[in-house]
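**Student:** My questions will all concern the structure given below.
Numbering (the numbering used here), first residue to last: 922 to 1177.
What follows is the structure in structure tokens.
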């Protein structure tokens, strides 16, 4: 393993060398941003498909991003791959005091709470409970993380019924905005409604991002089955009225 990793690092270094690949040599941290995001998405997609072969390949592509960006930073005298590895090792030790220290954690929940506590102490000023989150983080994920953080200091609804009441209140405000020409106001109220829905997910320990991703997947799978049913009859959705499409949709839903 150690030899294989060393050879991989040398390969990446060769690609970036004057005798290497023109494309790899031309890349910068900024030019590789989109590649990094894309590779992360492809790893997640392979996991969702339960495709082990694809996952192996995509994890390799993701590792390449770590290696080439570390190499670029090394060339610029910012830090080296060894620095990245060392800092990761130290972080893992610091944030697992229940493994490498004297603190106890008998459940996954306690271990996660310990990790978050150490992380918060490292990164955030005690004057604010809201963490600094990446701007590129998906909005649902960012909202849920912020809500979790402020709930930890007591800023939270006491129970689910009150969160549901807040959702109904926000929905009512959306309906009021629909009666006005103020699109900015409508956007704001829709945002508040989404934020309240995410809060319900958080309280029920459901990942809002994953819940929506699952809903999108279900919708796509069902609509494709609807299209297939129509194609078998020699038709397309555009030839059907909404009532007929809805009837077929309900049939598809019952099939699972």
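Glycine included, C-beta positions come from ideal geometry on N, C-alpha and C.
1. With burial defined as no fewer than 16 other Cβ atoms inside 10 Å of the residue's Cβ, what is the status of residue 960: buried or exposed?
2. Buried or exposed for residue 1065, please, with buried defined as at least 16 other CB atoms from any protein chain shown within 10 angstroms of its CB.
3. Only counting the same chain, and skipping five residues up and downstream in sequence, which positions put a Cβ closer than 7 angstroms to that of residue 1005?
4. Do residue 1157 and residue 1148 count as a contact pair if the criterion is CB distance below 9 angstroms?
5. Suppose contacts are defined by Cβ-Cβ distances below 9 angstroms. Is residue 1031 in contact with residue 1019 by that definition?
6. Going by beta-carbon coordinates alone, are residue 1110 and residue 1086 separated by less than 9 angstroms?
7. Looking at the unbroken alpha helix (DSSP H) that takes in residue 1106, where does it start and where does it end?
8. To the nearest angstrom, how far is it from the Cα of residue 971 to the Cα of residue 1017?
9. Quick check on residue 1120: buried or exposed, where buried means 16 or more other Cβ atoms within 10 Å of its Cβ?
10. Spatial neighbours of residue 1009 within its chain, please: C-beta separation below 7 angstroms, excluding the five flanking residues on both sides.
11. Assign residue 956 to one of three DSSP states: helix, strand, or coil.
12. Would the stretch 1073–1086 count as touching the stretch 1122–1129 if we require 3 or more Cβ pairs under 8 angstroms?
13. Apart from the five residues just before and just after residue 1108, which ones in its own chain have a Cβ nearer than 8 angstroms to its Cβ?
14. One question on the structure: do residue 1094 and residue 1114 come within less than 9 angstroms of each other, judged by their Cβ atoms?
15. Report the rounded CA-to-CA distance for residue 988 versus residue 1003, giving the unit in angstroms.
16. Cα-Cα, which of 1163, 1001, 929 is closest to residue 984?
17. Residue 1175 and residue 1150: beta carbons closer than 9 angstroms?
18. Count the other C-beta atoms from every protein chain shown that fall within 10 angstroms of the C-beta of residue 950, then say buried if there are 16 or more, exposed otherwise.
19. Assuming residue 1080 is part of the alpha helix (DSSP H), what are its boundary residues?
20. So residue 958 and residue 980 are supposed to be a Cβ contact under 8 angstroms. How far apart are they, rounded?
21. On the premise that residue 986 lies in contact with residue 953, defined as a C-beta separation below 8 angstroms, what is that separation, rounded to the nearest angstrom?
22. Reducing DSSP to helix, strand and coil, say where residue 1178 ends up.
23. Check this for me: beta carbons of residue 1053 and residue 1044, under 9 angstroms apart or not?
24. My understanding is that residue 1098 touches residue 1106, with C-beta atoms under 8 angstroms, so please give their C-beta distance in whole angstroms.
25. In three-state terms, what does DSSP make of residue 1152?
26. Could you spell out the range, first to last residue, of the alpha helix (DSSP H) harbouring residue 885?
**Tutor:** Looking at the coordinates:
1. Here residue 960 refers to the residue found at position 39 when the chain shown is read from its first residue. Buried, because 16 or more other Cβ atoms sit within 10 Å of the Cβ of residue 960.
2. Walking along the chain shown from the start, residue 1065 turns up at place 144. Looking at its Cβ environment, which holds 16 or more other Cβ atoms inside 10 Å, residue 1065 is buried.
3. As a working mapping, residue 1005 is identified with position 84 in the chain shown. Once the five neighbours on either side are set aside, the close Cβ partners of residue 1005 are 991.
4. Within the chain shown, the letter at position 227 stands for residue 1148. Within the chain shown, the letter at position 236 stands for residue 1157. Contact flag set, yes.
5. Position 110 of the chain shown, counting from 1, holds the residue named residue 1031. Position 98 of the chain shown, counting from 1, holds the residue named residue 1019. Yes, the Cβ-Cβ distance between residue 1031 and residue 1019 is below 9 angstroms.
6. Taking the chain shown and counting its residues from 1, the one referred to as residue 1110 is at position 189. Taking the chain shown and counting its residues from 1, the one referred to as residue 1086 is at position 165. No.
7. Walking along the chain shown from the start, residue 1106 turns up at place 185. Segment 1104–1124, the alpha helix (DSSP H) holding residue 1106.
8. Along the chain shown, one-based indexing puts residue 971 at 50. Along the chain shown, one-based indexing puts residue 1017 at 96. Each residue's Cα considered, the two are about 30 angstroms apart.
9. Counting from one through the chain shown, the residue named residue 1120 turns up at place 199. Buried is the call here.
10. The residue labelled residue 1009 in the question sits at position 88 within the chain shown. Cβ neighbours of residue 1009 beyond the five flanking positions: none.
11. By 1-based counting over the chain shown, the position of residue 956 is 35. Correct three-state label for residue 956: helix.
12. yes
13. One-based indexing of the chain shown puts residue 1108 at position 187. Result list for residue 1108: empty, nothing under 8 angstroms.
14. Residue mapping note: residue 1094 aligns to position 173 of the chain shown, counting from 1. Residue mapping note: residue 1114 aligns to position 193 of the chain shown, counting from 1. The answer is yes: Cβ separation under 9 angstroms.
15. Within the chain shown, the letter at position 67 stands for residue 988. Within the chain shown, the letter at position 82 stands for residue 1003. The straight-line gap from Cα to Cα measures roughly 11 angstroms.
16. Your numbering for residue 984 matches position 63 in the chain shown. If we check each option's Cα against that of residue 984, 929 comes out closest.
17. Residue mapping note: residue 1175 aligns to position 254 of the chain shown, counting from 1. Residue mapping note: residue 1150 aligns to position 229 of the chain shown, counting from 1. Taking 9 angstroms as the Cβ cut-off, residue 1175 and residue 1150 do not qualify as a contacting pair.
18. Within the chain shown, residue 950 is the residue found at index 29, counting from 1. Classification of residue 950: exposed, given that the 10 Å Cβ count is below 16.
19. Here residue 1080 refers to the residue found at position 159 when the chain shown is read from its first residue. Residue 1080 -> no alpha helix (DSSP H), and no H or E assigned at all.
20. Taking the first residue of the chain shown as 1, we reach residue 958 at position 37. Taking the first residue of the chain shown as 1, we reach residue 980 at position 59. About 15 angstroms separates the two Cβ atoms, so there is no contact after all.
21. By 1-based counting over the chain shown, the position of residue 953 is 32. By 1-based counting over the chain shown, the position of residue 986 is 65. So it is a contact: roughly 7 angstroms between Cβ atoms.
22. Residue 1178 is absent from the model: the chain starts at 922 and stops at 1177.
23. The sequence position of residue 1053 within the chain shown is 132, counting from 1. The sequence position of residue 1044 within the chain shown is 123, counting from 1. Against a cut-off of 9 angstroms, the Cβ pair of residue 1044 and residue 1053 comes out as a contact.
24. Counted from its first residue, the chain shown places residue 1098 at position 177. Counted from its first residue, the chain shown places residue 1106 at position 185. About 5 angstroms separates the two Cβ atoms, so the contact holds.
25. Reading the chain shown from its first residue, position 231 is the one you call residue 1152. Helix, per DSSP.
26. Residue 885 lies beyond the stretch modelled for the chain, which goes from 922 to 1177, so this question has no answer here.
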